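Following: one structure in structure tokens, then a few remarks.
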Amino acid sequence: EHFWHCWKQQNCYSCLDQSACSWCPFSWTCVPNSNRIPLLAPAEDKNVCPHWAERWEIRTRPLGCQVSTITTLTALVSIFSTLFVVVLTV
1 EHFWHCWKQQ NCYSCLDQSA CSWCPFSWTC VPNSNRIPLL APAEDKNVCP HWAERWEIRT
61 RPLGCQVSTI TTLTALVSIF STLFVVVLTV
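Residue numbering for the sequence shown follows the UniProt record's numbering, starting at 1 and increasing by one per position.
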């Protein structure tokens with residue numbers, strides 16, 4: 001039932017408006033994502049998106065349609081690494 005609730009959405013914005021749904025951009029599919037932290041769903045479910053290559057490109061709430069999981073994780077690692085180096089050099 002939840003699968004069809006998400007699957008019938010035809011674009012990212014309507015997909016992310018639905019509860020517990022995420023958008024897979026390469027295959028243009030809205031998929032169920034009941035993960036506690038939707039952004040980290042690819043780490044727990046390698047089949048979260050229909051195509052394996054887009055798993056880390058998934059779009060979730062609250063970040064929206066323009067920000068993928070890999071972009072977010074890359075930014076967070078960069079920020080914390082920079083802060084760590086700054087703290088070590090002070």
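Backbone N, C-alpha and C fix where the C-beta goes; we use that ideal spot for every residue, glycine too.
On a predicted model such as this, the values are computed, not experimentally measured, just so you know.
Measuring only the C-alpha atoms, how far is T74 from Q9? 28 Å
Quick check: the Cα distance between A20 and T89, rounded to an integer number of angstroms? 43 Å
W52 versus L63, V67, C24 and P32, residue with shortest Cα-Cα distance: C24
Please report how far the alpha carbon of C30 lies from the alpha carbon of S22, in whole angstroms. Each residue's alpha carbon lies about 6 Å from the other.
L83 beta carbon less than 8 Å from that of T72: The Cβ atoms of T72 and L83 lie no closer than 8 Å to each other.
Which residues bound the alpha helix (DSSP H) around W23? Where W23 is concerned, there is no enclosing alpha helix (DSSP H), although the beta strand (DSSP E) it sits in stretches over C21 to C24.
In DSSP terms, what R59 is bridged to: Answer is W23, bridged to R59.
Per DSSP, Q32 is paired with what? Reading off the sequence, residue 32 comes out as Pro, not Gln. In DSSP, P32 forms a bridge with C21.
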